[in-house]
Every structure is written in structure tokens, then in C-alpha cells.
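**Q**
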């Protein structure tokens, strides 16, 4: 198992495969990628295989495929299939906005995807009117295909959807999903100042109501079991525990190792000439990791 300079074991890779997306959510952090690189060539299936072989040699056992919207890649099923062939990769997951999940859920499951996070801030047509039925179909298909644990990512925005938390809790129960309530992070200061909604009070309410509470990882994120629902509160902004216990390394869709979501000043261009060179690039990126929220 490889460690960074802060002594943190690196166990998970967040692998961005595209910057393309059919939505334009103003709060999206785009995995920290710069918009000016949108036209760059995306990493190929062959390059992804090399990255994941090298990552597995370094002891990384989990990969989360991200974007953009990963399901916009025509070869996304092949990407999952090739990663799943690496025996030491034990968990393959994906983040998606749910609009295309209905089409891909079974193929992805059959080719090695273990689980999926579906971004869904609301199922109200007044908030998310565009093809909202597609997201509902995607949730059902993911659940039916066995992409478990299914998670629903809900970014809570002041004046937009904070009153829909109870409704989304019921939706999560319907699909046997974990509801992740996510606090806004400051990708855009004006938007953040206008729409940031603190989840501190919500978390205290769930703690009061919960029949049991499970601390699920080294970031001390808690899962609250409330009336048949499982709710997790993600408060990453200015969260020192979240930062100091981070075990992720990131790869951008255009082939750079990214040490931290919040930084683009220490990227490492991956050398794809051989698996050995890829591993050197990953190690260089890992050695650049520092605690951001110190």
C-alpha cells in the first residue's frame, strides 16, 4: 500500500473519463478540471487500462468513474469491462446524473460495475423539469440491476430544495438507496454566497431521530438510520477531518494526475509510454499531496 507524504494510505482512485455533460449545474465542481481544457483529447480505453494496472500495483483497490457525465462516452461499458478484468480492483463505482442510467444499468452491471451514485437534487418538475422521468427510470433500473449500494446524491441549495429533504428521503426508501445530503462547496463565490445551506441543523435532527448511527469511514461520515431510510450527510467544505483523512488520488479526463480536488497548480502529466512510466507518474502525483484545509 502506497502512502503520501502525510502518511495517508491511498486506496481509491477517482477517474474522470470526460468533461462532457448534458447538464450545466452551476455548482458542479467538474472534478476540479479547468473548463479551458474541455477540447482536450480524452484518455482512451487502452490508457485507462494502463492507469488501472499501475494503480492496482500500488495497492489501490477501488475506482470511482466520474465526469462530466461518464455515460456520454460511447465506450463506457468497455471501460468498465476492462477495469473489471484487473483482479485486485475490488470495487468499481460510478457517478452519473441519472438521465441515461436506464439505458446502461444492466450492461454496466453485467460487465463489472458494482454500484452507482445518481445525482438527483429533486424529483419535482418545477425544479428539474427537463426529462425528469428519465432520472426516475434510472433509479429504478439501477436498483433492479443490483447496482448496490445505490446512492442518491442531493446537493442542498438554500431557497431551492432544502424543503425537499423529507421527500427525497422517501424516494431513497422506495429504491432501497442511501440518500447522501451534500453541502455546497465554493466553486463559484457568488453562487456559493447566495445558495449555501448549512446542513448542521439537518444533521442534528437526523441524529435525534435515528434509531442507530454508523460511522462508515476514516472521514467520520455518519449514516443515520431513520424510519427505514439511510441518510448520510457530506460536509466537505472547510472540513479538516474530510481533508486530512482523504485517501483518494485523481486522474483527469485528459490524462493528468491530480493530487487534490481544490488544486490545479501541481498536476502531473501521465507518461503513457509504459506501465512503469505510468506508475512513476502516479507516484509523483501522490507525493505532491498536501492537506488543503490545514
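Residue numbers (the numbering used here): 471 to 764.
Glycine residues also receive a C-beta, built at the ideal position from the N, C-alpha and C atoms.
The model shown is predicted, which means the values in this text are computed figures rather than measured ones.
Please indicate yes or no: does the CB of residue 596 lie closer than 7 angstroms to some heavy atom of the ligand ADP?
**A** Here there are no bound small molecules, and the ligand ADP is not part of this structure.
**Q** Quick one: which unbroken beta strand (DSSP E) runs of 3-plus residues sit fully inside the region 585-626? Chain order, please.
**A** 585-589 and 621-625
**Q** Please report how far the alpha carbon of residue 577 lies from the alpha carbon of residue 547, in whole angstroms.
**A** Locating residue 577 in the chain shown gives position 107, where the first residue counts as 1. Locating residue 547 in the chain shown gives position 77, where the first residue counts as 1. Residue 577 and residue 547: Cα-Cα distance of roughly 7 angstroms.
**Q** To which residues does DSSP link residue 566 through a beta bridge?
**A** The residue given as residue 566 occupies position 96 in the chain shown. Per DSSP, 588.
**Q** Between the C-alpha atoms of residue 615 and residue 569, what's the straight-line distance to the nearest angstrom?
**A** In the chain shown, counting from the first residue as 1, residue 615 sits at position 145. In the chain shown, counting from the first residue as 1, residue 569 sits at position 99. One C-alpha to the other measures close to 16 angstroms.
**Q** From residue 627 to residue 592, what does the alpha carbon distance come to, in whole angstroms?
**A** Residue numbering aside, residue 627 sits at position 157 when the chain shown is read from its first letter. Residue numbering aside, residue 592 sits at position 122 when the chain shown is read from its first letter. Residue 627 and residue 592 have their C-alpha atoms roughly 11 angstroms apart.
**Q** Just grab the DSSP bridge partners of residue 535 for me.
**A** If you number the chain shown from 1, residue 535 lands on position 65. DSSP lists 485 and 564 as partners of residue 535.
**Q** Where residue 474 and residue 602 are concerned, what is the direct C-alpha to C-alpha distance, given to the nearest angstrom?
**A** Position 4 of the chain shown, counted from the first residue, corresponds to residue 474. Position 132 of the chain shown, counted from the first residue, corresponds to residue 602. Distance between the alpha carbons of residue 474 and residue 602: 42 angstroms.
**Q** In or out: residue 482 buried (at least 16 other Cβ within 10 Å) or exposed?
**A** Counting from 1 along the chain shown, the entry for residue 482 is found at position 12. It is buried - the Cβ of residue 482 has at least 16 other Cβ atoms within 10 Å.
**Q** In the DSSP assignment, find the unbroken alpha helix (DSSP H) run with residue 672 in it and report its ends.
**A** Within the chain shown, numbered from 1, the residue matching residue 672 stands at position 202. Its alpha helix (DSSP H) spans residues 670-679.
**Q** If you check the beta carbons only, do residue 559 and residue 533 fall under 8 angstroms apart?
**A** Walking along the chain shown from the start, residue 559 turns up at place 89. Walking along the chain shown from the start, residue 533 turns up at place 63. Yes, the Cβ-Cβ distance between residue 559 and residue 533 is below 8 angstroms.
**Q** Per DSSP, what are the beta-bridge partners of residue 739 in this structure?
**A** One-based indexing of the chain shown puts residue 739 at position 269. Answer by DSSP bridge pairing, in chain order: 726.
**Q** Using the Cα positions of residue 604 and residue 588, report the straight-line distance between them to the nearest angstrom.
**A** Stepping through the chain shown from its first residue, residue 604 is reached at position 134. Stepping through the chain shown from its first residue, residue 588 is reached at position 118. C-alpha separation (whole angstroms): 12 angstroms.
**Q** By the three-class DSSP mapping on this structure, what secondary structure does residue 472 have?
**A** If you number the chain shown from 1, residue 472 lands on position 2. Here residue 472 sits in coil by DSSP.
**Q** Excluding five sequence neighbours on each side, which residues of the same chain lie with their C-beta closer than 7 angstroms to the C-beta of residue 579?
**A** By 1-based counting over the chain shown, the position of residue 579 is 109. Around residue 579: 615, 616 and 617.
**Q** Please report the straight-line C-alpha distance between residue 715 and residue 669, rounded to a whole angstrom.
**A** Translated into the one-based positions of the chain shown, residue 715 becomes position 245. Translated into the one-based positions of the chain shown, residue 669 becomes position 199. The straight-line gap separating the alpha-carbon atoms of residue 715 and residue 669 is approximately 21 angstroms.
**Q** Output needed for residue 526: all residues of its chain with C-beta closer than 6 angstroms, excluding positions within five of it in sequence on either side, in chain order.
**A** Here residue 526 corresponds to residue number 56 of the chain shown, with the count starting at 1. Result list for residue 526: 556, 558 and 559, in chain order.
**Q** Across the region 689-707 and the region 655-669, are there enough close Cβ pairs to call them in contact, namely three or more that are closer than 8 angstroms?
**A** yes
**Q** In this structure, how does DSSP classify residue 665 when only helix, strand and coil are distinguished?
**A** Position 195 of the chain shown, counted from the first residue, corresponds to residue 665. Correct three-state label for residue 665: helix.
**Q** Which residues in the same chain as residue 561 place their Cβ atom closer than 8 angstroms to its Cβ, once the five residues preceding and following it in sequence are excluded?
**A** Walking along the chain shown from the start, residue 561 turns up at place 91. The residues are 531, 532, 533, 584 and 585.
**Q** How long is the line joining the alpha carbons of residue 645 and residue 624, rounded to whole angstroms?
**A** As a first step, residue 645 must be located in the chain shown, where it is residue number 175. As a first step, residue 624 must be located in the chain shown, where it is residue number 154. Rounded to whole angstroms, residue 645 and residue 624 show a C-alpha spacing of 15 angstroms.
**Q** Nearest to residue 734 by CA position, among 760, 712, 648 and 741, is which residue?
**A** In the chain shown, residue 734 corresponds to position 264, counting from 1. With distances taken between CA atoms, residue 734 lies nearest to 760 out of 760, 712, 648 and 741.
**Q** For residue 723, does the count of other Cβ atoms within 10 angstroms reach 16, so buried, or fall short, so exposed?
**A** Reading the chain shown from its first residue, position 253 is the one you call residue 723. With 16 or more other Cβ atoms within 10 Å, it is buried.
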